[in-house]
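Everything below concerns the one structure shown next.
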Amino acid sequence: MLSNHKSFLGEKPSRNLSNKTWAVFLWIFSFCAGMLFTNRMWIVPEGSDIVSLIQKNWGGNSIEQSYKSKYDITDIRSNTTRDVSEIYHSIKKLHKKIVNLKAKIDNFTTRNQSPLKDSSLELASNLNTKRKYFIVIGINTGFSSRKRRESIRATWMPQGEKRKRLEEEIGIVTRFIIGHSAREGNILDNSIEEEEKLYGDFMRLNHTEAYLDLSAKTKIYFATAVKTWDADFYVKVDDDVHVNIGALAKTLLSHVNKARVYIGCMKSDPVLTEKEEKHREPEYWKFGDMENKYFRHAGGQIYGISKELATYISKNQDVLHKYANEDVSLGTWMIGLDVEHVDDRSLCCGTPVCEWKNLIGHTCVATIDWACSGICDSEDRIYDVHKRCSEHEDDLWKAIV
C-alpha cells in the first residue's frame, strides 16, 4: 500500500506538466493560424490592381475613354444656356417659397404673440429672405427732363400693373434715378415728389444734381442700387436711349454664371485737353502723352455690371477717383480688377441698323438716334424709334423662360 501510494504521488506532477505543455502549444498554434487568416483576408491591393479592376468594370477601356463615351461633352455645352435658365427659375421658385413661408411664420407669431418653439420653423424664420432680382435698370434723368421721362413711359418702360408684374415675375426693376437740387425742398424737388406720387418709378439718390458731376452720380447709383435690390446685374441707361428689356434680359442671361462682367459698347476716345472742349479731361496727363486715347471702356449711353462689381463700388466709393466723364470713371474703376469686358454692339444700334436687324429677327438691346442724341428733342424722336425698333411685347414676358 505504501509503495502504491508513493508511485501515485510521484506520477501526478508529471501529468500536470504534460497538460500545461499541450495548452501552450495549442495557444501558439491558434495565434499563428489567426495571423495567417488575418493577413489573407486584409491584403491591400496594389494601385495597378485597382486600375485593372476599374477598367474591367468599364468594359476594358480607360477611365477617360469610358467617361467620354458615356457623357457627350458637346451636348453638355450646347445645353448650357438652357440649363442656366432652368437653374435660375428653380432658384427663383425656391426663394419665393421661402419668402412665403417667412410671411406665414411672421403672421403666425404676430397672432399668437409668443415665440415659436418648433426648431424647424425657427430655422426658416432666420433665413435671409431678401428678394432676389435679375436686373436693376437705372435711367439717368434730370429735373428738366420731364418730357423725356414721359416718352419712355409711353414706349419701352412698362407702367402700372405691368411694371409690378415685371418685377415680381421676371425680377426686372426699372427706375428713373435722380438726386436733389442744391437747395433741397425747392420747386425742383417738389415737382419730382409730385411725379413720384403719380407714377412711383423714381429712385432718389443722396446726390446734388449737376451735369459736371455725373461721375459721382454714377458711383452713388450703383452703391445705392446694390444695397436696395439684390440683383444679378445693374444697368445704367440715359433717358434719350430706347431699350428693349426682353433683349437685354436674354443678353445678360448668357453671362449670369460669371462673377465679374462689364458689358457695353466698348470704345477708346481721344483724351481731350483743350479748355474749350465740352468733355475736356483736366487730368489728361495721367493718361500718357498728348493726343493719347483712353483705354477701352463702355460708352456712357448704356452699360451694365454684375453684382460683385456693383458691390465693389459700394464698398470703395470713398476712394474711387472721379474723372471728367462718367463712362471713363467707371472704366478706370474696372481696369485694375479681374473683369471680363464684353463688347456687345447690340447695345448701341443706330436707328437704321435696329430696323434692319428687326427684319431678320435679331432685335437690338438698345437703340440710339445718333442724328438726334443730345442736340434735338429726343423725347419726340423716341416714339419713332420705338415704332421702328421695338421688340414684340411677348418677347419681354418670355425673356428668361
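Be aware that the sequence shown starts at 1072, since it is given in the working numbering, and climbs by one per residue. Ideal Cβ placement from N, Cα and C applies to all residues, glycine included.
Under the three-state reduction of DSSP, which class applies to residue i: helix, strand or coil?
i	result
residue 1222	helix
residue 1314	strand
residue 1068	Residue 1068 lies beyond the residue range present for the chain, which begins at 1072 and ends at 1472; the question has no answer from this structure.
residue 1344	coil
residue 1464	helix
residue 1274	strand
residue 1208	strand
residue 1284	helix
residue 1414	strand
residue 1290	helix
residue 1235	helix
residue 1386	helix
residue 1298	helix
residue 1268	helix
residue 1182	In this prediction, residue 1182 scores a pLDDT of 47, lower than 50, which makes its location untrustworthy; no coordinate-derived value is stated.
residue 1321	helix
residue 1469	coil
residue 1364	strand
residue 1329	coil
residue 1393	coil
Would you call residue i buried or exposed, if buried means 16 or more other Cβ atoms sit within 10 Å of its Cβ?
i	result
residue 1378	buried
residue 1250	buried
residue 1390	exposed
residue 1401	buried
residue 1282	exposed
residue 1372	buried
residue 1221	exposed
residue 1237	buried
residue 1354	exposed
residue 1417	buried
residue 1467	buried
Would you kindly check if the distance between the Cβ of residue j and the Cβ of residue i is under 7 Å?
i	j	result
residue 1426	residue 1219	no
residue 1274	residue 1316	no
residue 1452	residue 1440	yes
residue 1258	residue 1206	no
residue 1210	residue 1310	yes
residue 1422	residue 1318	no
residue 1301	residue 1233	no
residue 1370	residue 1420	no
residue 1320	residue 1470	yes
residue 1340	residue 1374	no
residue 1307	residue 1388	no
residue 1227	residue 1312	no
residue 1297	residue 1382	yes
Considering residue i, what are the terminal residues of the alpha helix (DSSP H) in which it resides?
i	result
residue 1214	Premise fails: residue 1214 is in no alpha helix (DSSP H) and is neither H nor E.
residue 1430	1422-1430
residue 1308	No alpha helix (DSSP H) holds residue 1308; the beta strand (DSSP E) holding it covers 1301-1309.
residue 1399	1397-1406
residue 1369	No alpha helix (DSSP H) holds residue 1369; the beta strand (DSSP E) holding it covers 1368-1377.
How is the beta strand (DSSP E) around residue i delimited, first residue to last?
i	result
residue 1245	1243-1251
residue 1460	That residue, residue 1460, is in no beta strand (DSSP E); its alpha helix (DSSP H) goes 1449-1460.
residue 1332	1332-1338
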